[in-house]
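Below: the structure, in structure tokens.
In full-length UniProt numbering, the protein residues as written are 1 to 261.
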């Protein structure tokens, strides 16, 4: 099992059971106790879990540290594919769509049917590359300073670009989604760009797999009432769902793809 897959399994085990022992993780993951202890130390450093005597427990303050882009491409891959399919179901031919930065945005681009026609506007170079060869899609890239890893564009130029874009739907990346803190993320200079996208879009939806729910990243983007809804996988947070629905928003919980007999 790859390290990133182990890390995901550990975080999920802790979130489901509230606490998990080192011995249990050794049995689940099929690795040595020393490997588990190293994984726990790394995950605690990132803010994903809290080490306790004999194992791990959830962090108390729900603040998280963003894994690298390479790790995020693998972590929660199936959940991201599920919610990407749910997001694509909202799209109609002829629309102008903003697809935000991050690995979930790339998953959405990959899920768009080959026959779709419309305009996709993005600050994400990987999203643009994914859609560049689609004959029915006009791809517009914001430009601006490019951040390594995600290859995300952001600065005053990026904000000015999106000030002139009025989209039908915006699909927003997220670092954390919390019932009180709202939508939060990790990069301060990208927050204002996202706020501009939300202000100018007819409907905006947060893309967040369940590992990001009830989590708080360092910088606030907006309250949950500022968006039309949340698109997540099947493990929806009751607190987040209630907060969104109280303001008239919707929660779209994706389901695993059906398998043939």
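Glycine residues also receive a C-beta, built at the ideal position from the N, C-alpha and C atoms.
Asked, Found
"Reduced DSSP category for residue 261 - H, G, I as helix; E, B as strand; rest coil", "Confidence in residue 261 is poor, its pLDDT being 37 and thus under 50, which makes the residue's placement unreliable; the coordinate value appears in the next sentence. It is coil, neither helix nor strand."
"Span separating the alpha-carbon of residue 242 from that of residue 39", "34 Å"
"Integer Cβ distance of residue 96 from residue 168, believed to fall under 8 Å", "5 Å"
"First through last residue of the beta strand (DSSP E) which encompasses residue 138", "137 to 141"
"Whole-angstrom C-beta distance between residue 250 and residue 213, which should lie under 8 Å", "The pair is not a contact, with the Cβ atoms about 15 Å apart (cut-off 8 Å)."
"Alpha-carbon spacing of residue 3 relative to residue 54, whole angstroms", "21 Å"
"Residue 83 vs residue 104 beta-carbon contact at 8 Å", "yes"
"According to DSSP, residues forming a beta bridge with residue 185", "219"
"Contact set for residue 244: own chain, Cβ-Cβ below 6 Å, skip 5 residues either direction", "224, 230, 251"
"The beta strand (DSSP E) enclosing residue 206, as first and last residue numbers", "203 to 207"
"Residue 316 versus residue 35: straight-line alpha-carbon distance, rounded", "For the chain, the structure presents residues 1 to 261; residue 316 sits outside this window and is missing."
"Residues bridged to residue 231 [DSSP beta-bridge criterion]", "207, 252"
"Residue 57 vs residue 11 beta-carbon contact at 8 Å", "no"
"Candidates 174, 108, 101, 130, of which the one nearest residue 142 by Cα", "101"
"Where residue 167 sits in the DSSP three-state scheme", "coil"
"Per-residue DSSP class, three states only, for residue 98", "strand"
"Residue from 197, 188, 196, 237 with nearest C-alpha to residue 211", "237"
"Given residue 228 as reference, the closest of 248, 94, 44, 240 once Cα atoms are compared", "248"
"Residue(s) in a DSSP beta bridge with residue 152", "124, 147"
"Close beta carbons around residue 261, own chain, < 6 Å, minus the five adjacent residues each side", "Its pLDDT being 37, under 50, residue 261 is placed unreliably by the model, and the measurement read from it follows with that caveat. Correct list: empty, nothing qualifies."
"Closer than 8 Å to chain D by CB, residue 124", "Among the chains of the structure shown, chain D does not appear; only one protein chain is present."
"Complete runs of the alpha helix (DSSP H) confined to the UniProt domain \"HTH deoR-type\" (3 to 58) [at least 4 residues]", "3 to 17, 22 to 29, 33 to 45"
"Of the listed residues 218, 22, 160, 190, nearest to residue 200 (C-alpha basis)", "160"
"Reference residue 140; option with closest CA among 129, 152, 120", "120"
"First through last residue of the alpha helix (DSSP H) which encompasses residue 105", "103 to 111"
"Residues near residue 190 in its chain [Cβ-Cβ closer than 6 Å; skip 5 each side]", "154"
"CB-CB length for residue 162 against residue 197, believed under 8 Å", "5 Å"
"When 170, 233, 206, 165 are compared against residue 185, the one with the closest alpha-carbon", "206"
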